[in-house]
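The numbering of the sequence shown is our numbering, which starts it at 153 and goes up by one.
Note that CB positions come from ideal geometry on N, CA and C, so glycine has one too.
Predicted model, so just to flag it, every value in this text is computed and none were measured.
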Amino acid sequence: MLTSLSSEKQLPFKYVLTDSVYGMSPEFIEAVEALPGTTYFVSVPKSTLCWLKRPMTIAKHYRWGGKTRTKTVLLDADSKPISVEELGQNINNYFWYRRQVSEGTKGPIVYEFTRRRIMLSVAGLPQKSLWLLIRRSLGDDPEYAYFVTNASCAGRLKTLVWLSGLRWAIEQCFEETKTELGMDHYEVRKFRGWHHHILTCMLAHFFLWH
């Protein structure tokens, strides 16, 4: 889908934002990385493993099935990755920055953010260097959310915070269109009819919003 959208050049885009379902899909990430100039910003589960510094690895050669094979292993077996949850909950309060992300129905929505450059762990081995953005709610018992992005090393925290709130506009559109315009009240048998219904509801929401 992303490749088709890019090749058609009718809906230009620079950023791709997704939830953790796509954030943990290697095929999806590879498809985005194959698009020049495109940055992904994806949510990941708290169990995602990483290192703060790239661990040393070595290539070991062994024979199996009559052939010489190569296997990459950690040089230090004790250098194990940590979860993003463990990382986030152990960051000192000094390194958290309070930012307003949007206007809610009950006033401004404010979170605290911090970021770290991490080395993502895949199958126990370092894979790629990414930005990890951690968001937490205010209060005595904060809720944490974790995002990774292939934004450049020079990327600003302000940009990452902005990206973390972009999906809310889409989700708000869906919720309002369901409750006010009946987007969830459809009885169709084919995808064409479903597409027509969804598109008509979203266009109606667009005109009402304006």
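Enclosing alpha helix (DSSP H) for residue i [first to last residue]
| i | result |
| --- | --- |
| E238 | V236 to Q241 |
| E328 | L318 to L333 |
| V340 | That residue, V340, is in no alpha helix (DSSP H); it is neither H nor E in DSSP. |
| L169 | Where L169 is concerned, there is no enclosing alpha helix (DSSP H), although the beta strand (DSSP E) it sits in stretches over Y167 to T170. |
Range of the contiguous beta strand (DSSP E) that encloses residue i
| i | result |
| --- | --- |
| S281 | L277 to R288 |
| S195 | T191 to V196 |
Whole-angstrom distance between residue j and residue i, CA atom to CA atom
| i | j | result |
| --- | --- | --- |
| V168 | V196 | 14 Å |
| K232 | F326 | 41 Å |
| F265 | R221 | 45 Å |
| G334 | C353 | 7 Å |
| S254 | H348 | 31 Å |
| G364 | G175 | Outside the displayed range of the chain (153 to 362) lies residue 364, so it cannot be described from this structure. |
| C202 | I350 | 39 Å |
Reference residue i; option with closest CA among the options
| i | options | result |
| --- | --- | --- |
| V236 | H337, K198 and R251 | K198 |
| E238 | I286, V262 and F265 | I286 |
| L309 | R250, L360, T331 and V340 | R250 |
| F358 | W216, G217 and E328 | E328 |
| M153 | L290, L227 and E182 | E182 |
| S313 | K161, Q162, G218 and V262 | Looking at the sequence itself, residue 313 is Val, so the reference to Ser does not match. Selected option, being the one with the closest Cα: V262. |
| P171 | L277, G317, H362 and R268 | According to the sequence as given, residue 171 is Asp; it is not Pro. The candidate whose alpha carbon is nearest that of D171 is G317. |
Counterpart residues of residue i in DSSP-defined beta bridges
| i | result |
| --- | --- |
| I261 | S254 |
| S273 | P278 |
| R221 | Y214 |
| W203 | M271 |
| V300 | V194 and L284 |
>> Count Cβ pairs between the stretch 190-207 and the stretch 262-281 that sit closer than 8 Å; are there 3 or more?
In response: A contact exists between the stretch 190-207 and the stretch 262-281.
> Any contact of the stretch 243-256 with the stretch 292-301, i.e. 3+ C-beta pairs under 8 Å?
Replying inline: no
>> Can you confirm whether the stretch 299-308 touches the stretch 182-195 when touching is taken to mean that 3 or more C-beta pairs between the two stretches lie within less than 8 Å?
In response: yes
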